[in-house]
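When the letters of the sequence shown are read in order and numbered with the numbering used here, they come out as residues 438 to 596.
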Amino acid sequence: MNVGIIIWSATGNTLLVAQIFKAALSAAGHMVTIEQIGINSAEPARRTDPWNFTNQPDVTAYDALIFGSPVEAFSLSAVTLRFLQNLKTLSGKPFFSYVTQYFPKPWMGGTNAINQLKKLVEEQDGISCGSAVINWSSKKRVLQIETAKINLVKDWSRE
Ligand SMILES: Cc1cc2nc3c(=O)[nH]c(=O)nc-3n(C[C@H](O)[C@H](O)[C@H](O)COP(=O)(O)O)c2cc1C
């Protein structure tokens, strides 16, 4: 499949996970592209500061999508939120979602953020086929990434 990994990453954690997923899916025979959402501000977290997109990846080019985002203030980051509010239809395509967060437990923002992300993509006719919360400060981080990677490759190799 032609897989697009669409992410927002301010400090590189979400990007690192995208690169791990890309390597695994490529090894399984998929064509994989990482596309980063771009903005013209270094301080996107300060919601009162105006910022604009410098890159909004086009999801229509892919057969399957992965969306990745950091958690911000116990929610989906403002950049990802705004990007997904303007998302084009996925027309029944499968998508996997993941968020990275600093705190060690998913209930510290990750679960809420992933639910927001999934809902926005499902509203555009995406078919959710899994999700992961990566807790960066947890000892389980490596396991969480590995588990998500293995499930993703397994699920998408059957399609
Ligand atoms: C403004 C701001 C708010 C954040 N809020 C949370 C939070 O509520 N819960 C949490 O676990 N991590 C929070 N974090 C940490 C990030 O979610 C975490 O470091 C994430 O992995 C960063 O991803 P990135 O490197 O791809 O930008 C916050 C970070 C920033 C900058």
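We treat Cβ as the ideally placed atom computed from N, Cα and C, and that holds for glycine.
Cβ pair residue i, residue j closer than 7 Å
{"i": "residue 441", "j": "residue 502", "result": "yes"}
{"i": "residue 516", "j": "residue 445", "result": "yes"}
{"i": "residue 469", "j": "residue 463", "result": "yes"}
{"i": "residue 520", "j": "residue 567", "result": "no"}
Start and end residues, alpha helix (DSSP H) containing residue i
{"i": "residue 456", "result": "450-464"}
{"i": "residue 520", "result": "515-522"}
Span of the beta strand (DSSP E) around residue i
{"i": "residue 551", "result": "Looking at the DSSP string, residue 551 is not in any beta strand (DSSP E); the run it does join, the alpha helix (DSSP H), is 547-559."}
{"i": "residue 439", "result": "439-444"}
Where residue i falls: helix, strand or coil (DSSP)
{"i": "residue 565", "result": "strand"}
{"i": "residue 489", "result": "coil"}
{"i": "residue 497", "result": "helix"}
C-alpha gap between residue i and residue j, whole angstroms
{"i": "residue 473", "j": "residue 585", "result": "20 Å"}
{"i": "residue 512", "j": "residue 506", "result": "10 Å"}
{"i": "residue 577", "j": "residue 540", "result": "12 Å"}
{"i": "residue 537", "j": "residue 594", "result": "25 Å"}
{"i": "residue 490", "j": "residue 475", "result": "6 Å"}
Inter-residue CB distance, residue i and residue j (contact presumed, cutoff 8 Å)
{"i": "residue 582", "j": "residue 457", "result": "6 Å"}
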